[in-house]
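Structure first, then comments.
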Amino acid sequence: MPDNVVNLRNVTKEFGDITAVNDADLEIERGELITLLGPSGCGKTTTLRMIAGFETPTQGVVELNGNDVSNVPPYERDIGMVFQYFALFPHMTVADNIAFGLKMNGIAQSEIDDRIEEVLEMISLPDVGDRYPENLSGGQQQRIALARSLVVEPDVLLLDEPLSSLDKKLREEMRMEIMRLHRELDVTMVYVTHNQTEALAISDRMAVMNDGEIRQVGAPMDVYQEPADEFVADFIGSANLIDSTVTSSDGRYELDTTLGFDITAESGTAVGGRDLDTGDSVTVLLRPERLALQSGTSDKANTLSGTLREVTYLGSLAEYFVELADGTEMQVTSPVRGAINVAPGDELNISFGPDAPVLLGE
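Shown next as C-alpha cells:
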C-alpha cells in the first residue's frame, strides 16, 4: 500500500463567492497523527469534510491510498469520523451505538458482539454496553464516540474538534486517551483543532491554516521554533514581533529595529538556515520564555528598558507585560519560583542572548 494514505493535490473549495480552502497540498503518512490547526473560519473543518467525502472539491484531487476519491460518497470510503458533539443516538444503548456501523457493513452478529466487547475494553469502559448515552459523563460519551468510529477498523480516523465541549480536566484526560489509542492501534488520524496547546501535545505533524491556505506543515517543535511567517509565529504560542533591518551580517547579525534599539543575533537564527545580507528587512521573533527580567540599569547588548504594566500568575508560571518607551508591549514568561519581586509601575530591563531571536523573512 502507498506510504501516504491521504493526498490533497491543489484542492480548492468555494461556496459561492467565498473560497474556504485555496489550493491546498497535503500528504498524510500512514499511521501518523496530523492536526489541522488554525483560527475559526480558516478552512480546517472544510478540509476535513473533503477528506471524509461530505464536501466535494471545486478544484483539485483528494486521494485515499493512491485512488482519486474526490467524487466518492462517504460511505464508500474507509474512514471513521468523530464529531465535536459526539453524535450518539440517544435512543440506542452504548452497544447498539457502537454496533451501528458494523450492522450497516453486514457484519455477522457474533463478530459484532466480539468487537463491541474488545473496543469497550480498549477504551476502559467494559461495563457500559447496556447503558444509554444520557447516563454517561461527557468524557465517557466521547470515549463511546471514539469506540464507534474505531470498531469498523477504518483506514483513516477523522476527528473534528472532538474535545472542545469538555472541561479542562476532561480535555486533558481525553487527549491522553487519544494519544494512547493512536499509539496502540497505529491508525492514521487527522485531527482538527483551534487549540494550539492540544495540537503541540498530540501531533506527529501539524498543518497550520489561515484564510483557507496551509501556511506551514511540520513537527510541532519545528513549527514552534522555526515558524514560516509572522502568522504562524503569532498563532503558535506567544510571540513578541519586532520589525528590523540587518545592518551587519559579518559573523553575527546586527539589526536596527523600528523601536529605536539594536539587536544582536547569531548567524544561525534566520529561519530555514538562510543567509541574510545587509539591508534585508526581517521580523524578529522573541518568544517570552527566552527573555529574562532584571531590576536596575544595564548597558549590555540585547537589553531593553521598560515599565511593568501587569503580572498574570498561571500556577507555576508568571506572565509579565512590560511597556517600552514607545508604548510597545513585550511579554516575558518565567517560573514563579525564583522570580524577582516586582510590581506594576516598576522600571525593569528585558534581556536575552544572541541565540534567542528568530529572524523571519518579510
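Counting from -1, one number per residue, gives the positions in the sequence shown under the numbering used here.
Virtual Cβ for every residue (Gly too), placed ideally from N, Cα, C.
query: Strictly by DSSP, which residues pair up with K11?; result: V19
query: Please specify which runs of the beta strand (DSSP E), each continuous and at least 3 residues long, are wholly inside the stretch 194 to 243, giving them in chain order.; result: 203 to 208 and 211 to 216
query: Please name the residue, chosen from D241, T243 and Q214, that lies closest to F233 on a Cα-to-Cα basis.; result: Q214
query: Check whether the Cβ atoms of D111 and G136 sit closer than 9 Å, and answer yes or no.; result: no
query: Is DSSP giving M90 helix, strand or coil here?; result: coil
query: Residues in the same chain with beta-carbon distance under 7 Å from Y83, minus the five sequence neighbours each way, listed in chain order, please.; result: S163
query: In whole angstroms, what separates the C-alpha of M102 from that of R141?; result: 21 Å
query: Three or more beta-carbon pairs under 8 Å between the stretch 200 to 208 and the stretch 330 to 343, yes or no?; result: no
query: For H89, which option in G249, V126 and E132 has the closest C-alpha, if you only look at C-alpha atoms?; result: E132
query: Ordered along the chain, which non-local residues of its own chain (more than five positions away) have a Cβ less than 7 Å from that of L86?; result: N95, P131, Q139, I142 and A143
query: Just to confirm, are L6 and D23 a CB contact at a threshold of 9 Å?; result: yes
query: Output the distance between the C-alpha atoms of A290 and E211, rounded to the nearest integer angstrom.; result: 35 Å
query: Where does F98 fall in DSSP's three states?; result: helix
query: What residue does the alpha helix (DSSP H) around D112 start on, and which one ends it?; result: Q107 to M120
query: Where does Q139 fall in DSSP's three states?; result: helix
query: For the 8 Å Cβ check, are there 3 or more pairs between the stretch 39 to 53 and the stretch 1 to 19?; result: yes
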